[in-house]
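Its first residue numbered 3, the sequence shown is counted upward by one per residue in the working numbering. Glycine residues also receive a C-beta, built at the ideal position from the N, C-alpha and C atoms. Each remark here refers to the structure printed beneath this line.
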Amino acid sequence: MSELFERMLARLADGLQVLPDKPEETPESALRALWHTAAGRPCSAVAATRRPLPPIEATPAAVTALERLVQRRLLGEPLAYLTGRQSFMGLEMLSAPGALIPRVESELLAGAAIELLQRMPGAPLAVDVCTGSGNVAYAMAWGVPRARVLAADLSKEALALAEENGRLLGMDDRVELRQGDLLQPFDEPALKGRIDLITCIPPYILSAKVAGMAPEIARHEPREAFDGGPLGVTILMRLVEEAPWVLRAGGWLGVEVGKGQGPALARRIARDGAFDEVHELCDAEGAVRALLARRA
Ligand SMILES: C[S@@+](CC[C@H](N)C(=O)[O-])C[C@H]1O[C@@H](n2cnc3c(N)ncnc32)[C@H](O)[C@@H]1O
């Protein structure tokens with residue numbers, strides 16, 4: 003490796019604070035992603051570990067760009083906002099302030115959603131609410147090409163990014179984006195009782211804890227992507243109440259939950275006559291991080 007690479011790596015190894023919810027980032031993967039970005043070919047930390055590094059040492063503008071990017075990363079700007087890229091379920095997607103940076107942990111729900119859709123015959127109808135950059139919606143459309151996928155978010159900025167992602171991924175005709183509050187954009191007779199799967203990665207942090215999150219998150223990512231109300235479960239509870247109106251009998255609701263929220267929410271859903279099966283999905287540490295509930 004070149005002297006430039008070793009020098010930048012030493013700076014990152016010395017000063018970079020990586021967050022547990024972005025486990026794909028290490029000093030080396032961050033440097034590689036920033037290096038590609040400085041070379042004019044931005045990519046995510048995941049993609050950067052697989053791509054050979056272009057030589058930039060003899061291009062002063064690229065070296066200066068890299069040094070500035072490393073400095074901004076050390077000052078706490080999220081890597082995905084610096085590169086403009088984030089990987090999700092193997093898809094290289096756009097990332098920008100205004101939309102949450104998709105987390106690896108959300109691949110648990112996305113993977114389960116794809117499996118459910120694959121088991122359904124014909125052209126299943128999936129709806130992803132709180133879609134943000136559209137990561138779960140595009141992952142479902144990519145994983146199950148015969149599925150029809152609709153997606154919505156309250157935030158215009160997030161939806162603008164989701165739209166760009168559709169173009170980048172060549173799937174702008176595969177995911178139909180709508181703006182509005184939770185399931186309200188799908189309140190139409192043609193969809194009532196017809197939806198096979200609803201997915202949601204909602205805001206689920208207690209309002210009082212949002213400002214105290216790591217500065218890299220609290221200062222840069224949109225608050226509305228995290229704030230789940232006084233108890234953290236406002237959106238989750240609304241979905242449990244509203245989803246049965248649009249799901250078909252035997253259709254599924256799949257939600258991501260915060261650490262510690264899963265078992266109580268699963269009990270609440272199990273008591274609800276609208277659902278007849280609830281499954282808890284756990285991460286590698288055994289924490290419940292997603293629930294699947296079947297419409298009775
Ligand atoms: C945790 S982020 C998830 C984004 C994306 N699915 C992901 O995994 O990166 C939650 C998203 O919910 C959106 N949101 C918050 N309240 C909403 C509501 N009432 N209706 C629709 N979307 C909402 C936010 O704008 C944000 O994009």
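DSSP, reduced to helix, strand and coil, places HIS222 outside both helices and strands of the structure shown, so it counts as coil. In this structure, ligand 1 has a non-hydrogen atom nearer than 6 Å to the beta-carbon of ALA227. For GLU223, the CB contacts under 8 Å within the same chain, skipping 5 residues up- and downstream, are PRO80, PRO99, LEU102, ILE103 in chain order. 7 Å or more divides the Cβ of LEU152 from the Cβ of VAL248. Per DSSP, VAL248 lies in no beta strand (DSSP E) segment and is marked neither H nor E.
Counting only runs of at least 4 residues, the segment 54-88 fully encloses the following alpha helix (DSSP H) elements, listed from N- to C-terminal order: 62-76, 81-85. A Cβ-Cβ distance of about 13 Å is found for the pair GLU159 and LEU179, leaving them out of contact under the 8 Å criterion. In this structure, ALA160 has its beta carbon less than 6 Å from a heavy atom of ligand 1. The beta carbon of PRO147 sits no closer than 6 Å to any heavy atom of ligand 1. When DSSP reads this structure, GLN181 sits in a beta bridge with ASP155. By DSSP's assignment, MET95 forms a beta bridge with GLN88. Here THR85 is buried. Its C-beta has 16 or more other C-beta atoms within 10 Å. In terms of Cβ geometry, GLU282 and GLY264 form a close pair [threshold 7 Å]. The beta carbon of ARG13 sits closer than 8 Å to those of VAL72, LEU76, all from its chain and outside the five residues before and after it, given in chain order. ALA128 places its beta carbon less than 7 Å from that of ALA149.
Judged by DSSP in its simplified three-state form, THR201 adopts strand.
By the criterion of a C-beta distance shorter than 7 Å, PRO187 is surrounded in its chain by ALA154, ARG180, GLN181, once the five residues flanking it on both sides are discounted. In the DSSP assignment, GLY256 is bridged to THR201, LEU294.
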